[in-house]
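Colleague:
Numbering (my numbering), first residue to last: -12 to 308.
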């Protein structure tokens, strides 16, 4: 019996090893970048969460964009000196659309939806965007429909939703009454459409552009776009955050927009929109241990099931046999 078990275990390990050997290096690089991006974003979200009573979501989004702009400008200039690169107006326009759809408009619309219908309704709808991304990629980028990959997307999203709902359930029962209305639901659906569209456009726009240049263009366009939005919000009475909260968000912005966002661009370039979309949505998977350690939150059986489902889904998406 023991010999049989060992033989079975060895066979499974050999199969897993064989499957890993079949994965192209670009796919490994892109997947690693996507997973690292989600992990860094999860850390940033936990920090942002600790400051949510002192700073508005719009301020967080604007600050993290502005604080990264000088660093990306410097990196972009240094790269241009080493390897001059000419970016077409078409590529700049597409990258501007990406940052507008994903961050400037997309994140803002999501927060509006969350305020109306609560996290328990808004998050599952918005985070279904990898499914839409897959079908858009099939239509516009000539991706092939692979049933195991589609199944993996569905399983991974289900796990992510399970983790997030479990994390928010107690908090919402105490502080927030989640409800469903047509306007809030429409905003959540619009968020998914914006995220999916931005991811597909990003893949199409960076085929001949390196990630550093693409990231610089998007950060620049996003920083400009937030100036009138922030000014309008201030004119409507939005309060400035405390100096302490501003510093924390600014420093975290380097981790978030400076590193995580750049890695997400790398992920899209090397693994494509579909896989990158799934990997970019798994931040709650990494937020679980971080929240347990630093915010004294407790995991449950539901969270464990969600983690397992997410991991299985990611494996199916990446392998896509």
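Every residue gets a Cβ at the ideal spot worked out from N, C-alpha and C, and that includes glycine.
(1) Tell me which residue opens and which closes the alpha helix (DSSP H) that residue 103 is part of.
(2) Report the three-state DSSP secondary structure of residue -9 (helix, strand or coil).
(3) Excluding sequence positions up to five away, which residues of its chain have a Cβ less than 7 Å from the Cβ of residue 75?
(4) Taking the alpha helix (DSSP H) that residue 221 falls in, what are its first and last residues?
(5) Does the Cβ of residue 256 have 16 or more other Cβ atoms within 10 Å, making it buried, or fewer, making it exposed?
(6) Among residues of its own chain, excluding the 5 on either side of residue 268, which ones have a beta-carbon nearer than 8 Å to its beta-carbon?
(7) Ignoring anything shorter than 4 residues, give me the alpha helix (DSSP H) runs that lie fully in the stretch 5 to 60, in order along the chain.
(8) Should residue 288 be labelled buried (16 or more other beta-carbon atoms within 10 Å of its own) or exposed?
(9) Closest by CA to residue 389, which one among 57, 200, 141 and 78?
(10) What does the Cβ neighbour count give for residue 224, buried or exposed, with the cut at 16 atoms within 10 Å?
(11) Compare the C-alpha of residue 252 against each of 197, 227, 240 and 229 and name the closest.
(12) Using alpha carbons as the reference points, say which of 208, 264 and 216 lies closest to residue 305.
(13) Thinking just about the alpha-carbon of each residue, which of 205, 20 and 175 is nearest to the one in residue 56?
(14) Compare the Cα-Cα distances from residue 85 to each of 50, 103 and 191 and report the closest residue.
(15) Which of the three DSSP states, helix, strand or coil, is assigned to residue 128?
(16) Give the C-beta separation of residue 96 and residue 181 to the nearest angstrom, bearing in mind that I take them to be a contact with Cβ-Cβ under 8 Å.
(17) Assign residue 293 to buried or exposed, taking buried as 16 or more other Cβ atoms, counted over all protein chains shown, within 10 Å of its Cβ.
(18) Go ahead and pull the three-state DSSP assignment for residue 269.
(19) How many angstroms separate the CA atom of residue 290 from the CA atom of residue 67?
(20) For residue 22 versus residue 266, is the C-beta spacing smaller than 9 Å?
(21) Just to confirm before moving on: does the CB-CB distance between residue 237 and residue 186 stay below 9 Å?
(22) On the three-state DSSP scale, how would you describe residue 115?
(23) Identify the continuous alpha helix (DSSP H) that holds residue 297 and give its terminal residues.
(24) According to DSSP, simplified to helix, strand and coil, what is residue 169?
(25) Taking buried to mean at least 16 other C-beta atoms within 10 Å of its own C-beta, is residue 239 buried or exposed?
(26) Give the DSSP-derived three-state secondary structure of residue 276 in the structure shown.
(27) Starting from residue 247, trace the alpha helix (DSSP H) both ways and give me its first and last residue.
Modeller: Based on what the coordinates show:
(1) 93 to 104
(2) Unreliable positioning characterises residue -9 in this predicted model, as indicated by a pLDDT of 41, which lies under 50. The coordinate reading is nonetheless provided below. Looking at residue -9 - three-state DSSP - the assignment turns out to be helix.
(3) Shown here for residue 75: not one same chain residue has a beta carbon closer than 7 Å to its own, the five before and five after excluded.
(4) 198 to 222
(5) buried
(6) 25, 114, 116, 117, 143, 144 and 147
(7) 12 to 37
(8) exposed
(9) The requested residue 389 does not occur in the structure, where the chain is confined to residues -12 to 308.
(10) exposed
(11) 197
(12) 264
(13) 205
(14) Of the listed residues, the one whose Cα sits closest to residue 85 is 191.
(15) Coil at residue 128, not helix or strand.
(16) 7 Å
(17) When all chains shown are included, residue 293 counts as buried.
(18) coil
(19) 46 Å
(20) yes
(21) Going by C-beta atoms, residue 237 is not nearer than 9 Å to residue 186.
(22) coil
(23) 288 to 306
(24) Note: residue 169 maps to helix in three-state DSSP.
(25) buried
(26) The answer is helix: DSSP assigns residue 276 an H, G or I state.
(27) Counting along the chain, residue 247 falls outside any alpha helix (DSSP H), and DSSP gives it neither H nor E.
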